[in-house]
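Residue numbers (full-length UniProt numbering): 1 to 81.
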């Protein structure tokens, strides 16, 4: 369902792939963090990982949308930075 909404929103598979690439990276980062601290994967860790996935998805959507808007207005992204 979420994938269908994203495809309808962006109308481009490459942008959708860019957004979804961030999810495995966030899960990997959470796993590295749990291993570094020696914490167990319990219910609170899983809830935290799910919240992290939501935040990462939201930020990825905002970033891709920002780039689309800047390209639409013929402005280079590097000019704003």
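For glycine and all other residues, C-beta sits at the position ideal for the given N, C-alpha and C.
Item                                                                                            : Value
Distance, residue 74 Cα to residue 1 Cα                                                         : 33 Å
Test item: CB-CB of residue 26 and residue 52 under 8 Å                                         : yes
Short Cβ contact (8 Å threshold) for residue 64 with residue 10                                 : yes
Span of the alpha helix (DSSP H), counted from its first residue to its last, around residue 11 : No alpha helix (DSSP H) contains residue 11, which DSSP labels as neither H nor E.
For residue 36, three-class secondary structure by DSSP                                         : helix
Rounded C-alpha distance that separates residue 54 from residue 19                              : 12 Å
Terminal residues of the alpha helix (DSSP H) in which residue 65 lies                          : 43-72
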